[in-house]
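Protein chains in written order, with my numbering: chain C, 1 to 139; chain L, 1001 to 1139; chain H, 2001 to 2139; chain A, 3001 to 3139.
There are 4 protein chains.
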Amino acid sequence: MKALTPRDVNDFVVQTYPAAAHDLRFTCDELGAGFAVARWHHDAASLRPGGLISGPIQFAAADLALWYLSFTVFGLAAMALTTDLHIVFLRPARGGDLLARAELLRAGKRRISGRVLAWIDGDPGNPVSHATGTYALTT
Amino acid sequence: MKALTPRDVNDFVVQTYPAAAHDLRFTCDELGAGFAVARWHHDAASLRPGGLISGPIQFAAADLALWYLSFTVFGLAAMALTTDLHIVFLRPARGGDLLARAELLRAGKRRISGRVLAWIDGDPGNPVSHATGTYALTT
Amino acid sequence: MKALTPRDVNDFVVQTYPAAAHDLRFTCDELGAGFAVARWHHDAASLRPGGLISGPIQFAAADLALWYLSFTVFGLAAMALTTDLHIVFLRPARGGDLLARAELLRAGKRRISGRVLAWIDGDPGNPVSHATGTYALTT
Amino acid sequence: MKALTPRDVNDFVVQTYPAAAHDLRFTCDELGAGFAVARWHHDAASLRPGGLISGPIQFAAADLALWYLSFTVFGLAAMALTTDLHIVFLRPARGGDLLARAELLRAGKRRISGRVLAWIDGDPGNPVSHATGTYALTT
């Protein structure tokens, strides 16, 4: 399979999931063998008091990063859904875009297991959350 | 402390978290000693293809149910944040409002641990997701 | 399938897993549709200082309860292994046998998802740990 | 604080936790700023059929690695206990010693959060399990 690019992923998502076309706050930032990066574009209207990036937004970023990662294993056409996701919040998240990098722990024939580290763009040394999760093919 | 009602919670959230005033899709449905129920009001525009209620929406419902539960332990004024949340998706979720019922596992002086079962209103025998999570006071 | 009894399970485990014959500290206490109970028989030599029942023992009890639960779904002969297990420690555990009751969240064709509450025999109102986990058929 | 060595940790554990003196199958292998490695010395009598290293042994290794890690943050004398641990089993584990390397995600004043990768000694490219967990001071 020719290597997928972030462009391939972003185009696919916008075409296949119409609601996503309205939610350009999330995009695939990077992609490669065994990893994928989701970016949440900072949006003041979505913040919690104190400028905090909410738990659900961080969850969505980790979930998307794992979904993008599943594309590198199963291809774009495969229908895969989240089986479970466990997110741990480490530090308050504020001040910029959120990046979530998923790394493959194991790829089986029908499921992948990965872990995700998330941080504010520009401050990779202070991750704001960490997650582990699995995606499985639906059919 | 006089027992909190869902009305108390909903009024408090709308006043304190302005962004929430726009997001009336989530409300506190029930509240009592050791439990709290969050309701996501069905909204077709938010669905995934196939009419599925997304993972992030189910995460947000579980997270809110735990937050409401923290009010019953620490009161409305306490600033508590999610420490971690682990959600397992059991069945496809579609077709109506989503209810998420949080149940207290343990209340400490500064943190609570709970578990949450979620189902589609009208179909409680087929939970769509289960979560466990903790909330901790921030100061 | 004629309903399995705890006796069926205990006999099967001792015959099939020789090492288990030496570890009579764990037995199946109860079994039924959608649930299973593992018992750890109190053993002073295994305790941590202060008479505490260790994390690994509580993990093993939860893991066994889910394994027994998998028998009620797939039968005794099915080879199933733990995919993941998440255990949260709620209260110090000491003073008696440990009981761990697994409850089915969902049974698929090849995997089950369950949750487990554990307590000291005689004190069910103060659970010492809670776990969620999955078992999957290996072939 | 002068940097702790694995020797310091192993001596401390044997002196403080008498039961551990009989369980020399687990030792601290390495220790440094932000990481710690636990080793389970291969013991045929503990294996499951097929020579598999059991889930509870892998859990114990991850739990110990996090405990050793807590020493690097809080010192040897601090009494810290596991709050929660989530372990995901990735591949069958067999054939040699098990190594579990804990890495610090965040150190607070009273708790640490870490993640642990485990593999069979000599085969680090094929991790057998991954865990995330927290330790908290008890007083």
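Using N, Cα and C, we set each Cβ at its ideal position, and we do this for glycine too.
Query	Result
Taking CB distances under 7 Å as the criterion, tell me whether Ser3113(A) reaches chain C.	yes
Residues of the segment 3073 to 3089 of chain A in Cβ contact with chain C at a cutoff of 8 Å, in chain order, please.	His3086, Val3088
Indicate the three-state DSSP secondary structure (helix, strand or coil) for Ser70(C) in the structure shown.	helix
Counting along the chain, where does the alpha helix (DSSP H) carrying Val2009(H) start and finish?	2006 to 2016
Whose C-beta lies closer than 8 Å to the C-beta of Leu98(C) among residues of the same chain, with five residues either side of it excluded?	Arg39, Trp40, His42, Ile53, Ile57, Gln58, Ala61, Ala118, Trp119, Ile120, Asp121, Val128
Name the residues in the segment 1027 to 1060 of chain L whose C-beta lies less than 9 Å from a C-beta of chain C; which are they?	Ala1045, Ser1046, Leu1047, Arg1048, Pro1049, Leu1052, Ser1054, Gly1055, Pro1056, Ile1057, Phe1059, Ala1060
How many Å lie between Leu2081(H) and Ser46(C) at the Cα?	42 Å
So which residues on chain L does Asp63(C) lean against when the C-beta distance must stay under 7 Å?	Gly1055, Pro1056
Please list the segments of the beta strand (DSSP E) lying wholly inside the segment 52 to 135 of chain C, counting only runs of 3 or more residues, in order along the chain.	80 to 89, 98 to 107, 111 to 120
Leaving out the 5 sequence neighbours to the left and right, which residues in its chain are closer than 7 Å to Asn1010(L) when beta-carbon positions are compared?	Thr1027, Cys1028
Going by C-alpha distance, which of Phe12(C), Pro6(C), Arg48(C), Val13(C) is nearest Gly32(C)?	Pro6(C)
Are Val1088(L) and Asp63(C) close, meaning C-beta to C-beta below 7 Å?	no
Should Ala1107(L) and Ala1036(L) be called a contact, given that it needs their Cβ atoms to be closer than 7 Å?	no
Buried or exposed for Thr3138(A), please, with buried defined as at least 16 other CB atoms from any protein chain shown within 10 angstroms of its CB.	exposed
Compare the Cα-Cα distances from Gly3034(A) to each of Trp3067(A), His3086(A), Gln3015(A) and report the closest residue.	Trp3067(A)
If the cut is a Cβ gap below 9 Å, which residues of chain A does Thr132(C) touch?	His3086, Val3088, Arg3115, His3130, Ala3131, Thr3132
Given this structure, state the Cα-to-Cα distance separating Val13(C) from Phe71(C), to the nearest angstrom.	11 Å
Ala1044(L) by DSSP, collapsed to three states: which one?	helix
Counting C-beta neighbours from all protein chains within 10 Å, is the total for Thr3134(A) 16 or more, i.e. buried, or is it exposed?	buried
Could you say which of Gly75(C), Ala65(C), Gln15(C) lies nearest to Lys109(C) if we only look at CA atoms?	Gly75(C)
Mind reading off the beta-carbon distance from His2130(H) to Arg1115(L)? Whole number of angstroms is fine, and I expect it under 8 Å.	6 Å
Of all the options Pro1092(L), Leu1069(L), Ala1065(L), Arg1048(L), which has the alpha carbon lying nearest to the alpha carbon of Gln15(C)?	Arg1048(L)
How about Arg94(C): is its C-beta nearer than 7 Å to some C-beta of chain A?	no
Are any of the Cβ atoms in chain C nearer than 7 Å to that of Leu3137(A)?	no
Going by DSSP, what residue range makes up the beta strand (DSSP E) through Thr139(C)?	Where Thr139(C) is concerned, there is no enclosing beta strand (DSSP E), given that its DSSP letter is neither H nor E.
Taking only beta-carbon positions, decide if Arg3106(A) is within less than 7 Å of chain C.	yes
Rounded to the nearest angstrom, what separates Arg3091(A) and Asn3126(A) at their Cα positions?	8 Å
Can you give the Cα-Cα distance for Ala2100(H) and Thr2132(H), rounded to whole angstroms?	12 Å
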